[in-house]
Amino acid sequence: MNELAAAVPWLGKRNPLAARWLILILAIAAPLIAWQFGRSWVRILDFALLYMMLALGLNLVVGFAGLLDLGYIAFYAVGAYSFAFLASPHFDVHLPFWLILPLGAGFAALAGIALGFPVLRLRGDYLAIVTLGFGEIVRIFMLNLNYPINITNGPQGINMIDPIVLFGWDLSRNIRVTEELSINSLFLYYYFFLAFVAGSIIFIRRLQISRIGRAWAAMRDDELAAKAIGINTRNMKLLAFALGATFGGVSGCLFGAFQGFVSPESFSLMESIAVLTMVVFGGMGNIAGALVGAFVLALLPEILRHVAVPLQQAVFGHVLLDPEVLRMLLLSLAMILMMLLRPAGLIPARARYAHPENLHRSAAE
Amino acid sequence: METLIQQTINGLVIGSVYALIALGYTMVYGILGLINFAHGDVLMVGAMTALQTMLFLMGVAPGMSPLVMLTIALLVAIPVSMLIGFTMERLAYRRLRNAPRLAPLITAIGMSFLLQTIAMIIWGRNYHTFPQLISTTPLQPVEGVFVTPVQIVIVIVSALLMIGLTLLVSRTRIGRAMRATAENHRTASLMGVDTNAVIAFTFVIGAGLAAVAGVMYASNYGIAHYGMGFMPGLKAFTAAVLGGIGNLGGAMVGGVVLGLVESFGAGYIEHLTFGFLNSSYQDIFAFLILGLVLIFRPTGLLGERVSDRA
Numbered sequence: 001m002n003e004l005a006a007a008v009p010w011l012g013k014r015n016p017l018a019a020r021w022l023i024l025i026l027a028i029a030a031p032l033i034a035w036q037f038g039r040s041w042v043r044i045l046d047f048a049l050l051y052m053m054l055a056l057g058l059n060l061v062v063g064f065a066g067l068l069d070l071g072y073i074a075f076y077a078v079g080a081y082s083f084a085f086l087a088s089p090h091f092d093v094h095l096p097f098w099l100i101l102p103l104g105a106g107f108a109a110l111a112g113i114a115l116g117f118p119v120l121r122l123r124g125d126y127l128a129i130v131t132l133g134f135g136e137i138v139r140i141f142m143l144n145l146n147y148p149i150n151i152t153n154g155p156q157g158i159n160m161i162d163p164i165v166l167f168g169w170d171l172s173r174n175i176r177v178t179e180e181l182s183i184n185s186l187f188l189y190y191y192f193f194l195a196f197v198a199g200s201i202i203f204i205r206r207l208q209i210s211r212i213g214r215a216w217a218a219m220r221d222d223e224l225a226a227k228a229i230g231i232n233t234r235n236m237k238l239l240a241f242a243l244g245a246t247f248g249g250v251s252g253c254l255f256g257a258f259q260g261f262v263s264p265e266s267f268s269l270m271e272s273i274a275v276l277t278m279v280v281f282g283g284m285g286n287i288a289g290a291l292v293g294a295f296v297l298a299l300l301p302e303i304l305r306h307v308a309v310p311l312q313q314a315v316f317g318h319v320l321l322d323p324e325v326l327r328m329l330l331l332s333l334a335m336i337l338m339m340l341l342r343p344a345g346l347i348p349a350r351a352r353y354a355h356p357e358n359l360h361r362s363a364a365e
Numbered sequence: 001m002e003t004l005i006q007q008t009i010n011g012l013v014i015g016s017v018y019a020l021i022a023l024g025y026t027m028v029y030g031i032l033g034l035i036n037f038a039h040g041d042v043l044m045v046g047a048m049t050a051l052q053t054m055l056f057l058m059g060v061a062p063g064m065s066p067l068v069m070l071t072i073a074l075l076v077a078i079p080v081s082m083l084i085g086f087t088m089e090r091l092a093y094r095r096l097r098n099a100p101r102l103a104p105l106i107t108a109i110g111m112s113f114l115l116q117t118i119a120m121i122i123w124g125r126n127y128h129t130f131p132q133l134i135s136t137t138p139l140q141p142v143e144g145v146f147v148t149p150v151q152i153v154i155v156i157v158s159a160l161l162m163i164g165l166t167l168l169v170s171r172t173r174i175g176r177a178m179r180a181t182a183e184n185h186r187t188a189s190l191m192g193v194d195t196n197a198v199i200a201f202t203f204v205i206g207a208g209l210a211a212v213a214g215v216m217y218a219s220n221y222g223i224a225h226y227g228m229g230f231m232p233g234l235k236a237f238t239a240a241v242l243g244g245i246g247n248l249g250g251a252m253v254g255g256v257v258l259g260l261v262e263s264f265g266a267g268y269i270e271h272l273t274f275g276f277l278n279s280s281y282q283d284i285f286a287f288l289i290l291g292l293v294l295i296f297r298p299t300g301l302l303g304e305r306v307s308d309r310a
């Protein structure tokens, strides 16, 4: 939160407290503002929150522990499919939300450990490509496990997933306050997801400055030295994979319930790359970076969709680049240019423990 | 028995394509320690350029002999791919040569997606039919076993190119410079090797090989589209790791072994799992092999390099 407040232009440095309040108010008022532009924008904000959770989780693995994971979306898939299996007519199981959420998170964490164990010895590029393979294997299974026993329903995916019901309160129904006024379900989902993101931020913040977070930072910066001072790097790596995966699993559960439909298409390599780009773009190893990166890169394609398509029609008379192409173009350029021009990301991590010289530099400012 | 021979042939054909791509991976990795994720997409650009050239030639000179047409297509596709390889290195990778290792890796992934996007803009999202200029009518050397002429051409061309590359690296001056640079950049440059030129040359050669591989790959399957390079690229990387990354002979062996494993896997998986898994799981073999090799024998079959690069 402090990092996030500091990132607010102009106000952040002069009056951090005001910046903090500004962010809080904006976070709460965001759907109301978006509503003015249309219903779909609130929906986009809801998805942006899910991406934020994903980015926070991946940031834990990549930014804090230094393990480059290109198969992260697999855990999102595990969460989403857990929800689909346990709350849909597909197997005709309808468990309550508060039971599925920990189950989904648990399955994802197990998947994280299952991935972590064999790759403990790998680092850097090799780790990246093996995790990529893991993600692809999960996707291939999702696509093909509809025969001879139908488990995932193949490429068609699973639909009619139950909405989130909290203690008998259905989030997918609008609440009618008076005759004219009713609260749209998209708002309910927004605040529900916002609570999850806020909880994640608090949890990760505490984690970062705990023994575990510092052990991760040490491991990331110099694995051998970390081992030498008695850090159990094996357990730390497994913990990073498992915790990161848990975040993926939780947001997957929320995604499945929110969308009411899951299919392997949502969990392609492109999505893994998109989440990684968010983390890199915002600034690795830094909560605010992950949040801002996710927010910007989740919203930008939508803004482009609403601006670029009419603009192209006005200028060229027809659409040259459709929004999906623009999104890919944007993501790939963001990755390349960010690495070339500003490798530390939009909001560089301060890395207090790892590089004491950074501390002095910021003290001197 | 027929299945066994048939799968061996299929494996050899696809394996020699993997081997050809793997050479580009392994050369770049040997010299820079960079996984050039975009290498598979250079292959795609090569295939698409060749496709475009052939379509153009068919338009202006419909009576041209297929072999001439294919040669011209290759002569266009190879320089285009080489140019892309060169530009990539010059604009992105060179500037990141001393950056932390995560940076070039992420850039390479970005490059891969950038090339795919550009191809998507130029050629659209559809699958294109790739003209199969070499006959695809199967021959039957043994009863029940089929080989197409295009498959024979693929194996011969890859073998020739691999021999050529081996000679280039082991016999010529630039080959010696490449080996020296791979051994140690700084020492090589102290000895008067222009390491920047050598690295650029490596990228260009790799891209050229990828273009040929792309044309062969597309000719074999008869289709081409913007995303066609990614999977063979990953598999070729697996092949390079399997053989021992940084090792030319290893890449060739790894490619062929991977091709065979994949082909046998796809052919027999249904029996082995009692019908639970089928040939649509073909793609998982490469990833499983990659994981197993990195865990149990990180130096690969023929390599001596360490895996602990971060």
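Chains as they are written, first to last, in our numbering: chain A, 1 to 365; chain B, 1 to 310.
The C-beta atom is built at its ideal place from N, Cα and C for all residues, glycine as well.
### Query
Near A:S272, which residues of its chain fall below 7 Å by C-beta distance, leaving aside the five closest residues on each side in sequence?
Excluding residues within five positions, the ones whose Cβ falls inside 7 Å are L70, G71, Y72, I73 and G135.
### Task
Output, in chain order, the set of chain A residues within a Cβ distance shorter than 7 Å of B:F276.
The answer, in chain order, is P148.
### Query
Is the number of C-beta pairs between the segment 86-104 of chain B and the segment 56-70 of chain B that are closer than 8 Å three or more?
Look at the beta carbons and you see the segment 86-104 of chain B not touching the segment 56-70 of chain B: under three pairs across the two are nearer than 8 Å.
### Query
Going along the chain, which residues of its own chain have a beta-carbon closer than 7 Å to the beta-carbon of A:L239, five neighbours each way excluded?
Cβ within range, chain order: I212.
#### Entry: C-alpha gap between A:I336 and B:T107, whole angstroms
Those two C-alpha atoms are separated by around 5 Å.
### Message
What does the Cβ neighbour count give for A:P9, buried or exposed, with the cut at 16 atoms within 10 Å?
### Response
Burial call: exposed.
### Task
Using a Cβ cut-off of 7 Å (strictly closer), state whether B:R90 contacts chain A.
Chain A contact via Cβ: absent.
### Message
Tell me which residue opens and which closes the alpha helix (DSSP H) that A:A288 is part of.
### Response
Counting along the chain, the alpha helix (DSSP H) containing A:A288 begins and ends at I287 to F316.
### Message
Bridge partners for B:L139 per DSSP, in chain order?
### Response
Under DSSP, the beta-bridge partners assigned to B:L139 are B:V147.
#### Entry: Reduced DSSP category for A:V366 - H, G, I as helix; E, B as strand; rest coil
Residue 366 of chain A lies beyond the range of chain A shown here (1 to 365); nothing can be said about it.
### Query
Which stretch, first to last residue, makes up the alpha helix (DSSP H) that contains B:S326?
A question about residue 326 of chain B goes unanswered here, because the residues of chain B that appear run from 1 up to 310.
### Message
Looking at the strands, I want to know which residues DSSP matches up with A:N159.
### Response
Bridge partners of A:N159: A:F261.
### Where B:G291 meets chain A, residues with beta-carbon distance less than 7 Å
Within 7 Å Cβ-Cβ: P118, V130 and G133.
### Task
For B:T117, name the three-state secondary structure that DSSP assigns.
It is helical.
### Message
Taking the straight line between their C-alpha atoms, what separation do you get for B:T166 and B:E262?
### Response
Their backbone Cα atoms lie some 26 Å apart in a straight line.
### Task
Answer yes or no: does any C-beta atom of chain A fall closer than 7 Å to that of B:L139?
False, the Cβ-Cβ gap to chain A never drops below 7 Å.
#### Entry: Which listed residue (B:T299, B:T3 and B:A103) has its alpha carbon closest to that of A:A128
Of B:T299, B:T3 and B:A103, the residue nearest in Cα terms is B:A103.
### Task
With DSSP as the reference, label B:T26 as helix, strand or coil.
Note: B:T26 maps to helix in three-state DSSP.
### Query
CB-CB under 7 Å to A:N159, same chain, minus the five flanking residues each way: which ones, in chain order?
Counting only Cβ-Cβ distances below 7 Å, and skipping sequence neighbours, we find G260 and F261.
### 7 Å Cβ cutoff, B:G300 in contact with chain A
Chain A contact via Cβ: absent.
### Query
Run through DSSP, which three-state label would B:A61 get?
Here B:A61 carries a coil assignment [DSSP, helix/strand/coil].
### Task
Compare the C-beta of A:M328 with all C-beta atoms of chain B and state if any pair is closer than 7 Å.
Closer than 7 Å: yes.
### Query
Which two residues bound the contiguous alpha helix (DSSP H) that contains A:T131?
Run containing A:T131: G124 to N144, per the alpha helix (DSSP H) assignment.
### Query
Among A:M328, A:L297 and A:G79, which one has its Cα closest to the Cα of A:A108?
Measuring from the Cα of A:A108, the nearest candidate turns out to be A:G79.
### Query
Three-state secondary structure (DSSP) at A:R173?
In this structure, A:R173 counts as coil in the three-state DSSP scheme.
### Task
Could you tell me the boundaries of the alpha helix (DSSP H) in which A:Q208 lies?
Following the DSSP letters along the chain, one finds A:Q208 inside the alpha helix (DSSP H) bounded by residues S185 to Q208.
#### Entry: Helix, strand or coil at A:S268 according to DSSP, with G and I counted as helix
In the structure shown, A:S268 sits in coil (DSSP, three-state: anything other than H, G, I, E or B).
### Message
Would B:I21 and B:A210 qualify as a contact pair, given that the criterion is a beta-carbon distance under 7 Å?
### Response
Yes, they are a contact pair.
### Message
In this structure, how does DSSP classify B:H128 when only helix, strand and coil are distinguished?
### Response
Correct three-state label for B:H128: strand.
### Message
Under 8 Å, with one C-beta from each stretch per pair, do the segment 23-30 of chain B and the segment 233-249 of chain B reach the 3-pair mark?
### Response
Here the segment 23-30 of chain B lies against the segment 233-249 of chain B, with 3 or more beta-carbon pairs under 8 Å apart.
### Separation of A:G66 from B:Y93, as counted between CA atoms
Each residue's CA atom was taken as its position, placing B:Y93 and A:G66 some 21 Å apart.
### Query
When the distance is taken between beta carbons, is B:A197 closer than 7 Å to B:S81?
No, the Cβ-Cβ distance between B:S81 and B:A197 is not below 7 Å.
### Query
With 7 Å set as the bound, which would you pick, yes or no: does the beta-carbon of A:M278 sit closer than that to a beta-carbon of chain B?
Not flagged as an interface residue toward chain B: A:M278, since no C-beta distance is shorter than 7 Å.
### Task
Could you tell me the boundaries of the alpha helix (DSSP H) in which A:Y81 lies?
Where A:Y81 is concerned, the enclosing alpha helix (DSSP H) stretches over I73 to L86.
### In DSSP terms, what A:V93 is bridged to
DSSP, once it has assigned bridges, lists A:S88 as partnering A:V93.
### Message
Can you list, in chain order, the residues of its chain with a C-beta nearer than 6 Å to that of B:T195? Leave out the 5 residues immediately preceding and following it.
### Response
Closer than 6 Å at Cβ, skipping near neighbours: T181, H185, A188 and S189.
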